[in-house]
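If you're matching positions, the sequence shown starts at 6 in the working numbering and goes up one per residue.
What follows is a set of notes on a single structure, which appears directly below.
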Amino acid sequence: MKTTKLFTATLILALAFTACSNNDEEVDNSRKEVKIVATIDASTGGKTKAAFDYDGSGEFEEGDILTLCYENPTTQFGGGVEYKIGSSNLYWDVLTSHYGDPLVFSAWYPSYSGSGVVRYKVAGAATEAAKDLLMAPKVTVAKGNPVNLQFKHLMHKLTIYLGTNYYSIDVLQNAVITLKNLKSDAKVNFSDCTVDETAAEGTDPYPSVTGSNAMFIVAPQTLTTGDEMIEIQIDGETFTYKVPATLTALESGKHLEITLMLTRYGIEFQTGTISAWGDQGTITEVIRIN
Numbered sequence: 006m007k008t009t010k011l012f013t014a015t016l017i018l019a020l021a022f023t024a025c026s027n028n029d030e031e032v033d034n035s036r037k038e039v040k041i042v043a044t045i046d047a048s049t050g051g052k053t054k055a056a057f058d059y060d061g062s063g064e065f066e067e068g069d070i071l072t073l074c075y076e077n078p079t080t081q082f083g084g085g086v087e088y089k090i091g092s093s094n095l096y097w098d099v100l101t102s103h104y105g106d107p108l109v110f111s112a113w114y115p116s117y118s119g120s121g122v123v124r125y126k127v128a129g130a131a132t133e134a135a136k137d138l139l140m141a142p143k144v145t146v147a148k149g150n151p152v153n154l155q156f157k158h159l160m161h162k163l164t165i166y167l168g169t170n171y172y173s174i175d176v177l178q179n180a181v182i183t184l185k186n187l188k189s190d191a192k193v194n195f196s197d198c199t200v201d202e203t204a205a206e207g208t209d210p211y212p213s214v215t216g217s218n219a220m221f222i223v224a225p226q227t228l229t230t231g232d233e234m235i236e237i238q239i240d241g242e243t244f245t246y247k248v249p250a251t252l253t254a255l256e257s258g259k260h261l262e263i264t265l266m267l268t269r270y271g272i273e274f275q276t277g278t279i280s281a282w283g284d285q286g287t288i289t290e291v292i293r294i295n
């Protein structure tokens, strides 16, 4: 089974403060701006942001906007800002004077104004980047220390491959792949950076894809055995793949690969094991052509 690493993006915010000596003329000019170093160490197999390579590696770019939140760990009094990489500035003295020391930080990308438990649109998202919500869970940091935020995927990635020993390559590349009966909206908790797979809802359609393979970012959700899940239209015929008994959910932060082999011969079923993001497993299905 193909194995891919857990997607993480490391966001390092170096927050410094101004120190003044007793001599008013001797001002410490070393006050540092917020420095963001974001790296992505994973194999996502899908490009959902301009800075991501197709293998999932990459980094945040200048001009990217994320939501950065901070709060007092005891009172939970805090705030949040739209942080624009390359131009936003934050300083410890400003934050701690308002919210105390230490502080709890969290963040998500792309920037989103939600808080608490939110119905987050995936199929109906305005952009491809908005579908692939990245969140960094809370970390507690004392004044002057770096803030290290580990970003992770919240949604599920579903990749479908078509193979055949019956159709020509040209015909296969014109196949239309459509998702059926999958919920369109995820129930996201912005307080703890989690998704409730049992609470997915919504019926917005996921756009169909033409080709011999397709990658979808979908809302994490539970599945019902026997429900129609994938429809394939090819050369005037329509085939439907139903949820197998071994597949109970599309998990948050995971990747499932399904290979559908279009052949004259019988139907065989085989499933892979579950592993971290990039890989929920591999399913191979052989479909009889009548």
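Built from N, CA and C at the ideal position, the CB exists for glycine as well.
Nearest in C-alpha terms to Gln178, of all of Gly121, Thr169 and Phe244, is Thr169. Contiguous beta strand (DSSP E) elements confined to the region 117-190 occur at 122-126, 139-146, 152-158, 161-169 and 181-184, taking only those with 3 or more residues. Annotation for Leu71: the continuous beta strand (DSSP E) segment containing it runs Ile70 to Glu76.
Of Lys259, Thr243 and Asp201, the smallest CA-CA separation from Val122 is found for Asp201.
Ala204 sits in a helix when the DSSP states are folded into three classes. Taking C-alpha positions only, Glu66 is separated from Asp240 by approximately 42 Å.
Contact between Tyr104 and Phe82 holds, since their C-beta atoms are separated by about 6 Å, short of 8 Å. Between Glu87 and the set Asn218, Leu159 and Leu71, the nearest pair of CA atoms involves Leu71. Looking at the backbone, the Cα of Thr183 and that of Val99 are separated by about 51 Å. By the CB criterion at 8 Å, Tyr166 and Glu262 fall inside the cutoff. Note: Phe244 is bridge-paired with Ile237 in the DSSP secondary-structure output. Arg124 and Leu252 have their C-alpha atoms spaced approximately 24 Å apart.
Secondary structure note for Ser213: it is in no alpha helix (DSSP H), with a DSSP letter that is neither H nor E. Annotation: Gly231 to Lys188 spans about 16 Å, alpha carbon to alpha carbon. Ile90 sits buried, since 16 or more C-beta atoms from the chains shown fall within 10 Å of its C-beta. Contact between the region 199-216 and the region 143-153 is not established, with fewer than three Cβ pairs separated by less than 8 Å. From the listed residues Gln238, Met234 and Glu242, the smallest Cα separation to Pro249 is found for Met234.
Annotated three-state conformation of Thr268 is strand, per DSSP.
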